[in-house]
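S.K.: Can you keep this structure in mind? I'll have questions shortly.
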Amino acid sequence: MACFIAFEGGDGSGKSTQARSLLRRLRRRGVKVIRTHEPGGTPLGQSLRRLLKSGDSMTPMSELMLFEAARAQLVQQVIRPFLDQGGVVIADRFTSSTMAYQGYGRGLDRELIERLNREATGGLEPDLTVFLDLPVETALARKGRGNRDNFDDAPVDFHRRIHRGYAALAAADPGGWLVLDGQRPPEEISREIWAKVQTII
Ligand code: ADP
Ligand code: TYD
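Note that the sequence shown covers residues 192 to 392 in my numbering.
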């Protein structure tokens with residue numbers, strides 16, 4: 192059965208760890224499943240990813256448009272076709288990332304972002320969004336020194352606004368979001384996600 196699950200949270204919150212763990216569990220059971228990671232996942236998306244993460248000065252509005260362009264391409268070329276074939280898609284970041292980072296973080300108009308998210312995705316929304324919730328400092332410390340980008344290096348206040356944004360989005364739609372304490376051991380978190388996913392697949 193087609194199903195669309197998104198993982199959201201700040202940098203270093205454990206999204207990729209959990210998205211991969213869920214991917215493995217589903218694959219072991221023979222489920223047709225893919226994992227996407229935004230921005231990226233298409234040739235255009237990969238080019239945009241390099242630009243977005245390069246640290247070259249970019250206005251918040253330009254940044255917003257590029258994330259949406261990458262997403263429009265990913266939804267049309269990868270996510271929508273896979274769901275239409277009855278597959279399960281695990282998205283490591285989706286529309287709520289833009290609301291949290293460009294809306295709450297950068298301070299861009301949230302109604303505009305809602306509209307662009309809707310246009311870029313053709314109205315596609317996750318069946319479930321998993322939010323890994325943990326203190327900003329703990330998450331950022333996990334990223335360590337290597338492989339950092341301009342988002343990881345942004346002031347901690349920026350990351351705090353993003354965290355508050357995610358909390359507000361989750362509170363506004365408790366049925367659609369699963370909020371988990373991201374400070375617990377990865378295996379525990381993974382078991383809780385699995386329990387929830389089994390109820391919707
Ligand atoms: P994200 O995709 O949200 O940036 P990652 O899954 O890449 O986060 O995790 C960031 C770092 O934290 C990695 O080194 C990972 O091994 C570690 N990590 C992930 N989940 C946990 C956890 N529950 N507890 C402690 N460390 C974790
Ligand atoms: P990435 O290395 O993929 O980080 P992560 O593993 O945490 O997803 O970098 C993507 C960065 O882009 C990350 O800091 C979040 C940011 N981002 C936005 O600002 N807006 C968006 O719409 C998306 C999808 C990501």
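Glycine included, C-beta positions come from ideal geometry on N, C-alpha and C. On a predicted model such as this, the values are computed, not experimentally measured, just so you know.
(1) Return yes when the C-beta of glycine 356 is under 7 Å from any heavy atom of the ligand ADP, and no when it is not.
(2) Am I right that arginine 262 and glutamate 229 are in contact with their C-beta atoms under 8 Å? What's the rounded C-beta distance?
(3) Relative to the alpha-carbon of serine 248, which residue among Lys387, Ile384, Tyr357, Phe342 has its alpha-carbon at the smallest distance?
(4) Which of the three DSSP states, helix, strand or coil, is assigned to valine 327?
(5) Once the 5 residues before and after methionine 290 are set aside, which same chain residues still bring their CB inside 8 Å of it?
(6) Consult DSSP for valine 388 and reduce its assignment to one of helix, strand or coil.
(7) Under DSSP, the beta strand (DSSP E) around threonine 227 begins and ends at which residues?
(8) With C-beta atoms as the reference, is isoleucine 281 less than 8 Å away from alanine 363?
(9) Mind checking alanine 330: buried by the 16 CB within 10 Å criterion, or exposed?
(10) The ligand ADP heavy atoms versus the CB of glutamate 206: any closer than 7 Å?
(11) For lysine 387, which residues of its own chain have a beta-carbon under 6 Å away from its beta-carbon, when the five flanking residues on both sides are left out?
(12) Hey, would you say threonine 320 sits closer than 8 Å to serine 288, going by beta carbons?
(13) At a cut-off of 7 Å, would you count isoleucine 281 as near the ligand ADP, judging by its Cβ distance to the nearest heavy atom?
(14) Near glycine 313, what residues of its chain come up, given a Cβ to Cβ distance below 8 Å and the 5 sequence neighbours on each side ignored?
(15) Which two residues bound the contiguous beta strand (DSSP E) that contains valine 347?
(16) List the endpoints of the continuous alpha helix (DSSP H) containing aspartate 275.
(17) Buried or exposed: which applies to glutamate 328, given that a residue is buried once 16 or more other Cβ atoms fall within 10 Å of its Cβ?
(18) What are the partner residues of phenylalanine 322, as DSSP defines its beta bridges?
M.R.: On the basis of the coordinates in this document:
(1) If you number the sequence shown from 1, residue 356 lands on position 165. Glycine 356: no, Cβ never under 7 Å from the ligand ADP.
(2) Here residue 262 corresponds to residue number 71 of the sequence shown, with the count starting at 1. Here residue 229 corresponds to residue number 38 of the sequence shown, with the count starting at 1. Approximately 6 Å separates the beta-carbon atoms of arginine 262 and glutamate 229; this is inside 8 Å, confirming the contact.
(3) Counting from one through the sequence shown, the residue named residue 248 turns up at place 57. Of the listed residues, the one whose Cα sits closest to serine 248 is Phe342.
(4) Against the sequence shown, residue 327 aligns to sequence position 136. The three-state secondary structure of valine 327, taken from DSSP, is helix.
(5) Mapped onto the sequence shown, residue 290 falls at position 99. These residues qualify, in order along the chain: Arg301, Ile304, Glu305, Asn308, Gly356, Leu360.
(6) Reading the sequence shown from its first residue, position 197 is the one you call residue 388. Valine 388 falls in the helix class under three-state DSSP.
(7) Here residue 227 refers to the residue found at position 36 when the sequence shown is read from its first residue. Residue range 224–228 is occupied by the beta strand (DSSP E) that includes threonine 227.
(8) On the sequence shown, residue 281 is found 90 positions in, with the first residue counted as 1. On the sequence shown, residue 363 is found 172 positions in, with the first residue counted as 1. Cβ atoms of isoleucine 281 and alanine 363: not closer than 8 Å.
(9) One-based indexing of the sequence shown puts residue 330 at position 139. Result: buried.
(10) In the sequence shown, residue 206 corresponds to position 15, counting from 1. It is lysine, not glutamate, that sits at residue 206 in the sequence shown. For lysine 206, the CB falls within less than 7 Å of some heavy atom of the ligand ADP.
(11) Counting from one through the sequence shown, the residue named residue 387 turns up at place 196. Same-chain partners within the cutoff: Leu369.
(12) Within the sequence shown, numbered from 1, the residue matching residue 320 stands at position 129. Within the sequence shown, numbered from 1, the residue matching residue 288 stands at position 97. Not a contact, by the Cβ cut-off of 8 Å.
(13) Taking the sequence shown and counting its residues from 1, one reaches residue 281 at position 90. For isoleucine 281, the shortest C-beta to heavy atom distance toward the ligand ADP is 7 Å or greater.
(14) Position 122 of the sequence shown, counted from the first residue, corresponds to residue 313. The residues are Val266, Gln267, Arg271.
(15) As a working note, residue 347 is residue 156 in the sequence shown. Here valine 347 belongs to no beta strand (DSSP E); instead the alpha helix (DSSP H) covers 347–363.
(16) Working through the sequence shown from its first residue, we reach residue 275 at position 84. That run of the alpha helix (DSSP H) goes 271–275.
(17) Within the sequence shown, the letter at position 137 stands for residue 328. Around the beta carbon of glutamate 328, fewer than 16 other beta carbons sit within 10 angstroms, so the residue counts as exposed.
(18) Residue 322 sits at position 131 when you count from the first residue of the sequence shown. Answer is Glu199, Val370, bridged to phenylalanine 322.
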